[in-house]
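Residue numbers (the UniProt record's numbering): 1 to 586.
Ideal placement from N, C-alpha and C gives every residue a C-beta, glycine not left out.
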Amino acid sequence: MTGMHGRSPDSDPGDPPPVIGTLAQSRLRELLGEVQDRIAEIVGVRDQMDRLIEAMLVVTAGLDLDNTLRSIVHTAIELVDARYGALGVRETDTDSHRLSEFVYEGIDDRTRVLIGDLPRGHGVLGLLFEQPKPIRLADMSTHPSSVGFPAHHPPMRTFLGVPVQVRDEIFGNLYLTEKAGGQEFTEDDEVVVQALAAAAGIAIANARLYEQSRTRQQWLQATQDVATIVLAGGEPAEVLELITARALTLTQSACAFLALPEDPDTPAAEVDELVVVSAAGADAEQIVHTRIPVHGSRVGAVFRDEPTTTAEPSSAPGLDPAKYGAPVVAPLRAGQSVIGVLTTVRPAEMPALDAAGHSMMSGFADQAALALELANTQRRMRELDVVSERDRIARDLHDHVIQRLFAVGLSLQGTVARARTPEIKARLTDTINDVQTIVQDIRHSIFDLHSSTAAEAPVLRKRLHAVVAEMTADTDLRTSVRLAGPVSVLSPAMFDDLEAVLREALSNVVRHAGATAVSVKLTIADDVTLEITDNGIGLPEQPTRRSGLANMAARTREGGSFTAEKDSAGGTVIRWSVPLPAVSTN
């Protein structure tokens, strides 16, 4: 019979009751289970810590900023088993919550295109800028700051956001959504991602320092390139092109241009407008030669001695404000004066140039200004050397060549008187006339050499000789070309008219005159007169074709004249004349 306490009469008094034994075994199993769970938890934490340490090493391994940002996002996704991850970079130099860059992973390219614009920092994403502390949500759509998702955006419920700080400055935020298995992000996940964000801040700081160092080195190299071309004797135009090309590349801009005063010797206070003298990048051709008013424009304000600044998009001449971002305008300072402005314009979709970029561009502009001043000084020195050499040649021609020719002429004149036959007298007389013509040509050359823009004389003479050579190349015509007077007063447009008239006249001589010789004489006095004389058959009484003569007459302008008539010695004289004042003002 069993007693009140359930003990069997045959049982040993020292044995534990059966119920107690069962409870003890159950408790032991519970303890063993707890120990196993704790061991598993410890092992899991250790594994997670190992993964975190490995992730930190991966994140801090690189120095390229873009690669570092992508590595941070990828590593964070793997650490907490999230499906989607992103790193939003805050715009610099502003107090807004806008994102200048959004590095993401988990969304395929097709979906990305369907979604459209990337997030700009609204809703929950921007909340981390207002309250820079971790946010963990079971359903982000229920948060008061949620603004929903655009069309075609994949559904996202669970959310973990952690700020990324770089030297006490909020660089951006790390966003993770959709933990695997539909689970919520845990407190451990939050701690792990915070630790990763701290490592990411260090990695980003290192990458930014490296990028700034590399960019600074590139700016220094650009300055050295400009100095090299100047010291090598490069023309100012080459220096201008190099400056704009380097500025375009180093600022990652779509367009860059240089604007200078039309007359570099005009004091800055008297300059009313700037002229774009060099441009590089997109739309460069339509910008060159554009005039920018100094008063009432941001570019002009910088020229008036304002520091490097970001201007409104509409201040870039000839560029579509919708296509381009805000221009950065830097003054070209040479000593205490500003000689021009350097402007760079990024595409509209790119973030604006940061403060460090402003500083480096400003320094480059100052160095470029000094290089331009040096290039212009070297050009003026070369011009002075040319003038000095022309003066020396002119003196030699006058003091030696002309005097010797005079002596030859006098000797020949003395010989004429002693000549016994008319043929010899005629031959000597022709030779004396040739010597006098040579002396006259040399005097004209001396005049051209002393002219302030004497470089024009050889250019015009070369062009006229080229036309004569071209038009008479397949003939036996003897030709001569003479220039008399200050060629420097002629405009480039007049050069074109003279060349066209000469070409038309020689065409008539070759086709219709039957001549053996033709002479061309250009005289510049009160009028500019071009005479083409041949020894051919002369003009017919009733010319059958007058289009060529009409073309030459059409180029005389107001107050000019054109005649084509028989020469008294036989042949034809074509005379084309324009008043010099009309030439000067044309």
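Q) Residue range of the alpha helix (DSSP H) that L125 falls in? A) As a first step, residue 125 is located in the sequence shown; it is residue number 125 there, counting from the start. Its alpha helix (DSSP H) spans residues 124 to 130.
**Q.** Helix, strand or coil at N206 according to DSSP, with G and I counted as helix
**A.** In the sequence shown, the residue the question calls residue 206 occupies position 206. Helix, per DSSP.
Q: Classify P492 as helix, strand or coil using the three-state DSSP reduction.
A: Locating residue 492 in the sequence shown gives position 492, where the first residue counts as 1. Correct three-state label for P492: helix.
Q | When V468, H512, V89, R136 are compared against P119, the one with the closest alpha-carbon | A | The sequence position of residue 119 within the sequence shown is 119, counting from 1. Considering only alpha carbons, the answer is V89.
(Q) Check this for me: beta carbons of T215 and M360, under 8 Å apart or not? (A) Looking up residue 215 in the sequence shown gives position 215. Looking up residue 360 in the sequence shown gives position 360. Taking 8 Å as the Cβ cut-off, T215 and M360 qualify as a contacting pair.
Q: Kindly indicate which three-state DSSP category E78 falls into: helix, strand or coil?
A: Here residue 78 is taken as the residue at index 78 of the sequence shown, counted from 1. In this structure, E78 counts as helix in the three-state DSSP scheme.
Q: From the DSSP output, in three-state form, read off E470 for me.
A: Taking the first residue of the sequence shown as position 1, residue 470 is located at position 470. Reduced to three states, the DSSP call for E470 is helix.
Q) Rounded to the nearest angstrom, how far is the Cβ of A82 from that of F102, given a contact under 8 Å? A) Position 82 of the sequence shown holds residue 82. Position 102 of the sequence shown holds residue 102. Not quite, the Cβ-Cβ distance comes to about 16 Å (not below 8 Å), so this is no contact.
**Q.** Status (buried if at least 16 other CB within 10 Å, exposed otherwise) for K179
**A.** For the purposes of this step, residue 179 is taken as the residue at position 179 of the sequence shown. So K179 counts as buried.
(Q) Between the alpha carbons of G234 and T516, how many angstroms are there, rounded? (A) Against the sequence shown, residue 234 aligns to sequence position 234. Against the sequence shown, residue 516 aligns to sequence position 516. For G234 and T516, the distance between alpha carbons rounds to 48 Å.
Q | Under the three-state DSSP convention, the category T377 falls into | A | Your numbering for residue 377 matches position 377 in the sequence shown. In the three-state scheme derived from DSSP, where H, G and I count as helix and E and B as strand, T377 is classed as helix.
Q: Give every residue of the same chain whose Cβ lies closer than 8 Å to the Cβ of R208, excluding the five residues on either side of it in the sequence, and list them in chain order.
A: Residue 208 sits at position 208 when you count from the first residue of the sequence shown. In its chain, beyond the 5 residues on either side, L65, V166 have a beta carbon closer than 8 Å to the beta carbon of R208.
Q: Using the Cα positions of A205 and A198, report the straight-line distance between them to the nearest angstrom.
A: Counted from its first residue, the sequence shown places residue 205 at position 205. Counted from its first residue, the sequence shown places residue 198 at position 198. One C-alpha to the other measures close to 11 Å.
Q. So, V294 versus V328, is the Cβ gap smaller than 8 Å?
A. On the sequence shown, residue 294 is found 294 positions in, with the first residue counted as 1. On the sequence shown, residue 328 is found 328 positions in, with the first residue counted as 1. The answer is no: Cβ separation not under 8 Å.
Q. Contact between the stretch 507 to 522 and the stretch 467 to 485: three or more CB pairs below 8 Å?
A. yes
(Q) Suppose only complete runs of 4+ residues qualify. What are the alpha helix (DSSP H) ranges in the stretch 495 to 531, listed by chain order? (A) none
Q: Output yes or no for whether 8 Å exceeds the beta carbon distance between Q436 and G409.
A: Counting from one through the sequence shown, the residue named residue 436 turns up at place 436. Counting from one through the sequence shown, the residue named residue 409 turns up at place 409. Yes, the pair counts as a contact, with Cβ atoms nearer than the cut-off.
Q) Unbroken beta strand (DSSP E) runs of length 3 or more, entirely within the UniProt domain "GAF" (235 to 382): which are they? A) 255 to 261, 273 to 281, 291 to 293, 328 to 334, 337 to 345
Q | Bridge partners - K179, DSSP secondary structure assignment | A | Reading the sequence shown from its first residue, position 179 is the one you call residue 179. As computed with DSSP, K179 is found in a beta bridge with A82.
Q) What did DSSP end up calling G3 once you bin it into helix, strand or coil? A) By one-based count along the sequence shown, residue 3 stands at place 3. Model confidence at G3 stands at a pLDDT of 40, short of 50, so the residue's coordinates are unreliable; what they give is reported in the following sentence. In the structure shown, G3 sits in coil (DSSP, three-state: anything other than H, G, I, E or B).
Q. When DSSP builds the beta bridges, which residues end up paired with A105?
A. The count along the sequence shown starts at 1 and reaches residue 105 at position 105. Reading off the sequence, residue 105 comes out as Glu, not Ala. Note: E105 sits in a beta bridge opposite G85.
(Q) Taking the beta carbon of N173 as the centre, do at least 16 other beta carbons fall within 10 Å, making it buried, or is it exposed? (A) Along the sequence shown, one-based indexing puts residue 173 at 173. Per the 10 Å Cβ criterion, buried.
**Q.** Boundaries (first-last residue) of the beta strand (DSSP E) holding A484
**A.** Along the sequence shown, one-based indexing puts residue 484 at 484. Taken as a continuous stretch (DSSP letters only), the beta strand (DSSP E) holding A484 covers 478 to 484.
Q: Keeping to the same chain, check which residues put their C-beta closer than 7 Å to that of A564; ignore five residues upstream and five downstream.
A: Walking along the sequence shown from the start, residue 564 turns up at place 564. So the qualifying residues of the chain are L539, L549, T572, I574.
Q) Under a three-way DSSP split, which group does E91 fall into? A) Locating residue 91 in the sequence shown gives position 91, where the first residue counts as 1. Of the three classes helix, strand and coil, the one that applies to E91 here is coil, per DSSP.
Q. Taking one C-beta from the stretch 312 to 326 and one from the stretch 364 to 371 each time, how about it: are there three or more such pairs within less than 8 Å?
A. Contact between the stretch 312 to 326 and the stretch 364 to 371 is absent, because fewer than three Cβ pairs lie under 8 Å.
Q. Where does the unbroken alpha helix (DSSP H) through S411 begin, and where does it stop?
A. Mapped onto the sequence shown, residue 411 falls at position 411. Segment 402 to 418, the alpha helix (DSSP H) holding S411.
Q. Can R461 and F495 be called in contact, C-beta distance under 8 Å?
A. Translated into the one-based positions of the sequence shown, residue 461 becomes position 461. Translated into the one-based positions of the sequence shown, residue 495 becomes position 495. It is not a contact, given that the beta carbons lie outside the stated cut-off.
Q | Extent of the continuous beta strand (DSSP E) run through S561 | A | Position 561 of the sequence shown holds residue 561. Membership of S561 in the beta strand (DSSP E) is indicated by the continuous run 561 to 566.
Q. Smallest Cα separation from D434: which of L412, P422, T421?
A. Along the sequence shown, one-based indexing puts residue 434 at 434. With distances taken between Cα atoms, D434 lies closest to L412.
Q. Is the stretch 213 to 232 touching the stretch 328 to 345, taking contact as three or more C-beta pairs under 8 Å?
A. no
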